[in-house]
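So the structure is just underneath, and the comments pick up after that.
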């Protein structure tokens, strides 16, 4: 039995080494492996293949479902992720926890392609640790064949007429956030009373909710299996393309203006190659391919010139003017985040 246990241990070790990659320097002088950790279906696969061919670097690509899952992996250590795609509040949180490496802008000549209004944002004031990748809003996507009245308020998601026909995002910050906006509060509140009011509203809504989802809601809306859903703008544009009966609205009470970024975590042992990849992702043609594939708004102004006008002129995807007047950006709530986690756990337990 002892011999079997030893051989099993050796086998597991070999498998672990294979998974991480025992890479070496390639002919171009780069380490030949790069570990990328990203949201599901959030980059054009052809872009990754092209990068591998151009630089001789094999990309080990993994997906995560939400920011908190990604953070837990980085905090736990034992990983070798080189590039991650955190949202704005998570960038700030990871900076504060010293989990991100400072980026060498000398290695990012394509940063010039990022629009000025997307640089030096509050969560990373000097872009020392992150580069914006996509941005957008949160709103309501609804089926015009099932919803006759005008939708212009978050209150629509609490309409008993659509009992068991409403889908909510399975995410504490997003779902609690829009509920706070519905109540007239900041989606970054640190006020316990306001947070408890949002909890009461979501508990009251539960009997109306068909499901709490992150990705599966897309197929459900395309198939006409629900009247409406809480949705990110990029998803909404893609769904409308698949089902013309769908429409998207940003409620009058205001919304979450979100940003997803590219960053180099403390786990990276190959920062040079990570920065090479980030710079590659800012090439106009590459950024345009990803924007067309994912259907989210790109902050890359040169990439926008390569996209069809029907996309860039769609104000639901690319709001005009001062975008910060239309929404509020999530910030890191520090230790108060545990209160949101507590409230979310209590909501889901009802």
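Numbering (mature numbering (1 follows the signal peptide of the UniProt record, and there is no 0)), first residue to last: -21 to -1, 1 to 329.
Note that beta-carbon positions come from the ideal geometry of N, C-alpha and C, so glycine has one too.
In this structure, residue 85 and residue 98 do not form a Cβ contact; the two beta carbons are roughly 16 Å apart against a cut-off of 8 Å. Residue pairing by DSSP places residue 132 in no beta bridge whatsoever. By the Cβ criterion, the region 116 to 127 is not in contact with the region 280 to 294, since fewer than three pairs of Cβ atoms, one from each stretch, lie closer than 8 Å. Under the three-pair Cβ rule at 8 Å, the region 264 to 276 counts as touching the region 14 to 28. In the DSSP assignment, residue 27 falls outside any beta strand (DSSP E) and within the unbroken alpha helix (DSSP H) covering 24 to 34. The distance from the Cβ of residue 82 to that of residue 243 is about 6 Å, consistent with a contact at the 8 Å cut-off.
Contact between residue 212 and residue 227 holds, with the beta-carbon distance rounding to 7 Å and staying under 8 Å. Judged by DSSP secondary structure, residue 87 falls outside any beta strand (DSSP E); it is assigned neither H nor E. Three or more beta-carbon pairs drawn from the region 53 to 64 and the region 8 to 17 are found closer than 8 Å, and the two stretches are therefore classed as touching. As computed with DSSP, residue 211 is found in a beta bridge with 117. The shortest CA-to-CA distance from residue 230 to any of 306, 146 and 35 is the one to 306.
Residue 309 counts as buried, since no fewer than 16 other beta carbons sit within 10 angstroms of its beta carbon. Among the bridge pairs identified by DSSP, residue 238 is matched with 114. Distance check between residue 232 and each of 204, 160, 225 and 188 places 160 closest, using alpha-carbon atoms only.
CA-to-CA, the gap between residue 245 and residue 64 works out to about 14 Å. The closest CA to that of residue 100, considering only 90, 184 and 111, is found on 111.
For residue 204, no alpha helix (DSSP H) segment is defined, and its DSSP state is neither H nor E. Beta-bridge pairing by DSSP links residue 244 to 79. In this structure, DSSP gives residue 62 an extended state, which the three-state scheme calls strand. With respect to the C-alpha of residue 312, the residue from 151, 284 and 114 having the closest C-alpha is 151.
When Cβ pairs closer than 8 Å are counted between the two stretches, the region 232 to 241 is seen not to touch the region 178 to 192, the count staying below three.
Rounded to the nearest angstrom, the Cβ distance from residue 235 to residue 166 is 6 Å, consistent with a contact under 8 Å. Between the beta-carbon of residue 137 and that of residue 217 there is about 26 Å, and that puts the pair past the 8 Å contact cut. Following the DSSP letters along the chain, one finds residue 46 inside the alpha helix (DSSP H) bounded by residues 46 to 55.
Bounds of any beta strand (DSSP E) do not take in residue 137, whose DSSP letter is neither H nor E.
Under the 8 Å Cβ criterion, the region 142 to 149 counts as touching the region 201 to 208, having at least three qualifying pairs. Going by DSSP, residue 189 is part of the beta strand (DSSP E) stretching over 188 to 192. Taking the C-beta atoms as reference points, residue 12 is found no nearer than 8 Å to residue 32. In this structure, the CA atom of residue 162 is about 8 Å from the CA atom of residue 177. Residue 94 sits close to residue 278, with the two beta carbons spaced by under 8 Å. Look at residue 313 here: in three-state DSSP terms it is helix.
Contact between residue 179 and residue 197 is ruled out by a C-beta separation of about 29 Å, above the 8 Å threshold. A direct Cα-Cα distance of roughly 13 Å separates residue 263 from residue 113. If only uninterrupted beta strand (DSSP E) runs of at least 3 residues are considered, none is enclosed by the region 265 to 296.
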